[in-house]
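Notes to accompany the following structure.
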Amino acid sequence: MIDYQPPMDPYLDVVYQDDDVLVLNKPSGLLSVPGRQEIHKDSLQSRAQEQFPSATTVHRLDMETSGLIVMALHKDAHRHLSSQFENRLVKKRYIARVFGHLSDRQGEVNVPLICDWPNRPRQKVDFEHGKQALTYWRVLDFEKQTTLVELKPVTGRSHQLRVHMLSLGHPIVGDRLYATGDALNGFDCLHLHSHELSFKHPSKNENMGFSAEANF
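Sequential numbering of the sequence shown, starting at -13, is according to my numbering.
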């Protein structure tokens, strides 16, 4: 079991807030929603509800992933945002640092994923039983031992970006579930960040876009 010690500073990073939505910048190491055990009760949702009691979670980021999350502040907003996620209308852009150098400048990973039950919460590629998963990627910068990439998931499978990059032979560095050796050692967190998020405002019907810089 991973020792859960969520970061306390900043306690809650509010990027935007109005009567309908709340956009937050989640730090790496904080759960999106509370876990079952008492030790896992601290989460982005519970912290948000201390200040905004009506806030509800519409989508999640892995505990180790940092970056932008939108929450709804009432039922109609929750329905509206949930529909956008279900219909893949929400645009998401991630920044990640992967181990090694990709051979191309851009591409896509279109391989199905399924839960690796004996080793859960790990996921794995499964062409027979897995659910379709699609990610577009683009190189931003070649570094000495690593590559900085932009990732755009079309689907939203659990651990999708992490397993898709692993399937290319380039795990995201600092990934305690999927990286090994030099890709894991020397990195204090998972280098995966939800950098940009855009959606249609539930009541204004306007497109809204937000960005938050990665701290790695």
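By construction, the Cβ of each residue, glycine as well, lies at the ideal position given by its N, Cα and C atoms.
Look at the segment 121 to 171 and you find these whole runs of beta strand (DSSP E), each 3 residues long or longer: 132 to 139. Using a Cβ distance threshold of 8 Å, A200 and V135 do not count as a contacting pair. Taking C-beta atoms as the reference points, G53 and H156 fail to come closer than 8 Å. Take Y(-10), set aside five residues on each side of it, and the residues of its chain with a beta-carbon closer than 7 Å to its own are I25, H26, in chain order. Fewer than three beta-carbon pairs drawn from the segment 88 to 97 and the segment 62 to 77 are found closer than 8 Å, and the two stretches are therefore not classed as touching.
Beta-bridge partners of G53 (DSSP): K12, S180.
Pairing R65 with E182, the inter-Cα distance amounts to about 22 Å. For P(-7) and P13, the gap between their C-alpha atoms comes out near 7 Å. Around the Cβ of G21, a 10 Å sphere holds fewer than 16 other Cβ atoms; the residue is exposed. Residue pairing for G93: DSSP places it in a beta bridge opposite W123. The C-alpha of E50 lies about 27 Å from the C-alpha of F113. Of the candidates P39, D28, L17, L17 places its Cα closest to the Cα of H45.
For the set Y122, L176, D174, A198, the Cα lying nearest the Cα of S184 is the one of A198.
Going by beta carbons, I158 and L176 fall inside the 8 Å limit. Inside the segment 15 to 85, DSSP marks whole alpha helix (DSSP H) runs of 4 or more residues at positions 30 to 37, 61 to 72, from first to last along the chain. Residues T42, V44, H64, L67 of the same chain have their beta carbon placed closer than 6 Å to that of A58, with the five preceding and five following residues left out of the count. In the DSSP assignment, S189 falls outside any beta strand (DSSP E), carrying neither H nor E.
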